[in-house]
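Numbering (our numbering), first residue to last: 7 to 269.
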């Protein structure tokens, strides 16, 4: 068995499929395929070829001393092999193997099919099945590549542990932002706990600071005080009256701030 030229030119089609083995091991035959075959004791030598014209395969068998005679069909390898057997050996009933005659069992066919350059189709022109296969192949390739590279940077006996990152906001955090951050860490104080702590602080402040409301009447004067006051300056008293107003509540802290800022 002698192999000839094997071309995978631009006319390569997938119309004719080698089916001497079951799927998925079958594969398409290339264009311009030629092979020299000998059989029987008489050493019959023929040259078989497969070409494509108008997307259809043409089977040719060249025979004779100089391969000057040709038998051509468009049916199949089997039909062509049967006709050449009747042509060369009309008195025999033995059938020729189309697989062996055309050499479709040759490893070179499989090798050429597996090593041929395949053009990738655009993503928007492929089927959903092909998209899923590409995604799986990409993930497998990425995982294997990462595993190989990680061995160069990490010891196989190490047990790497991810470190936690902490961000500290020096200013006040808005309530909505804090509600988003709480589920990310169990160490953060929950909102209900903060509210409970706030009420506890307010109750304690009310017990320690008894005066938290000051009510001043209109036309306030120093003479109307029954108890002696430590503040006798009329200008200071008038300033407090003007800043607080009549029959209104003000924070004791703001009142103290106004005192100390002027002193």
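Backbone N, C-alpha and C fix where the C-beta goes; we use that ideal spot for every residue, glycine too.
For residue 197, the closest of 206, 190, 185, 191 by C-alpha to C-alpha distance is 185.
Under the DSSP assignment, residue 152 falls in the alpha helix (DSSP H) whose first and last residues are 134-156. In the same chain as residue 51, and ignoring 5 residues on each side of it, the C-beta atoms closer than 6 Å to its own belong to 44, in chain order. Counting every other CB atom within 10 Å of its CB across the protein chains shown gives residue 158 a total below 16, marking it as exposed.
Per DSSP, the continuous beta strand (DSSP E) segment holding residue 69 begins and ends at 62-69. Bounds of any beta strand (DSSP E) do not take in residue 188, whose DSSP letter is neither H nor E. Burial check for residue 189: the Cβ neighbour count within 10 Å stays below 16, so the residue is exposed. DSSP places residue 205 in the uninterrupted alpha helix (DSSP H) bounded by 197-214.
Straight through space, the alpha carbons of residue 156 and residue 61 are spaced by roughly 49 Å. In the three-state DSSP reduction, residue 53 falls in the strand class (E or B). In the displayed model, residue 75 falls within a strand according to three-state DSSP. The beta-bridge partner set that DSSP reports for residue 44 consists of 51. In this model, residue 94 and residue 88 are separated by some 10 Å (Cα to Cα). The shortest CA-to-CA distance from residue 72 to any of 80, 96, 42, 78 is the one to 42. Out of 70, 74, 84, the CA that lies nearest to the CA of residue 64 is found in 84.
In its own chain, leaving out the 5 sequence neighbours on each side, no residue places its CB closer than 7 Å to the CB of residue 182. Following the DSSP letters along the chain, one finds residue 80 in no alpha helix (DSSP H), marked with neither H nor E.
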